[in-house]
Amino acid sequence: DTEVTQTPKHLVMGMTNKKSLKCEQHMGHRAMYWYKQKAKKPPELMFVYSYEKLSINESVPSRFSPECPNSSLLNLHLHALQPEDSALYLCASSPPSGNEQFFGPGTRLTVL
Amino acid sequence: GEDVEQSLFLSVREGDSSVINCTYTDSSSTYLYWYKQEPGAGLQLLTYIFSNMDMKQDQRLTVLLNKKDKHLSLRIADTQTGDSAIYFCAENLSGGYNKLIFGAGTRLAVHP
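Which chain is which? The protein sequence lines are A and B, in order.
Start counting the first sequence at 889; every next residue gets the next number (my numbering).
Start counting the second sequence at 155; every next residue gets the next number (my numbering).
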C-alpha cells in the first residue's frame, strides 16, 4: 500500500453537527499532517503528529479536534463549524527517514 | 519571515518547454519541493531538491536552485495537455517536523 487515503470524499454538514474526517496510511510513516485549502489558495498547515503525539498546532480553533489513535490513522473531529470553514481538508504523511510529504486526495467539506 | 512567491499563470503550446519560477525567503530551508494539483484532487509530489544541490533532473522535469538569489525553477520538457494543473512550490522550514510553506501556485495551461 503506497498511498494516503481519506474518507469521506465529500461532506456536507450543518453548523450544529458533529462529524469526523479520517485519514489512513500503511506505509510505515510516523508523521501525519492536516492541511486546510480554501479555493484558489495554497494549503495551510493545521496540525502535525509525530510518533502519535501532537507536535504542532497552528493556532487552530478548538472546533477542530485532531486525534491519532495509532501510527496509521489520523482523525479530525469537527463540531460547531462555521460556513467559512468550508474547504478541502488534506491529510499528508512523511517517512521517518525522509523529508517528503505525501498527500491524500482530500475531503471537500461544505458547512451550511 | 516565511514567504514563497510564484507567478500565478503560465500558458504554453503543447510540445514546448514550460518554466515555472519561485522565490523564497528562508535561507535556512533544507528542502524545496514542487507539487502538482489537478482540479478537485490532492497534491502530487513531483520532485524535491536538497538545498546543497543546484540542479536535479528527473525524466521531463528539471529543477534549478539558485541559493544565493533564493530562486527555484521547474522546467517541464515537451509539455503535454496532461501537464495542465496548478504547480506549488514549497519550502521546508528548518527545525524539524517538516513544516511546509507553500507558494500561491502557478496555473499552467497547455494549448494545442
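Where is the CB? At the ideal position from N, CA and C, for every residue including glycine.
Here the structure is a predicted model, which means the values were calculated and not measured.
When only Cα atoms are considered, lysine 941 of chain A and tyrosine 241 of chain B end up about 31 Å apart. Between the alpha carbons of leucine 254 of chain B and glycine 902 of chain A lies a distance of about 31 Å.
According to DSSP, residue pairing for asparagine 206 of chain B in a beta bridge does not occur.
Glutamate 972 of chain A is not bridged by DSSP to any residue. Within the DSSP bridge table, the entry for glutamine 925 of chain A names A:Leu976 as partners. Between the region 914 to 926 of chain A and the region 167 to 178 of chain B, the count of Cβ pairs shorter than 8 Å is below three; the stretches do not touch. With contact defined as three or more Cβ pairs closer than 8 Å, the region 946 to 955 of chain A and the region 159 to 169 of chain B are not in contact. Counting along the chain, the unbroken beta strand (DSSP E) around histidine 898 of chain A starts and ends at 898 to 901. In the structure shown, threonine 235 of chain B falls within a helical segment according to DSSP collapsed to helix, strand and coil.
DSSP lists B:Asn175 and B:Leu218 as the beta-bridge partner residues of serine 227 of chain B.
Contact annotation: valine 173 of chain B and serine 238 of chain B have beta-carbon atoms that are not nearer than 8 Å.
Between asparagine 958 of chain A and lysine 910 of chain A, the C-beta gap is not smaller than 8 Å, which leaves the two residues out of contact. Using a Cβ-Cβ cut-off of 8 Å, proline 931 of chain A counts as an interface residue toward chain B, since at least one Cβ of chain B sits closer than that to its own.
Counting the other CB atoms within 10 Å of its CB gives histidine 265 of chain B a total below 16, which places it among the exposed residues.
Arginine 951 of chain A sits in coil when the DSSP states are folded into three classes, being neither helix nor strand.
Comparing alpha carbon positions, the residue from B:Asp212, B:Gly257 and B:Thr235 closest to arginine 167 of chain B is B:Thr235.
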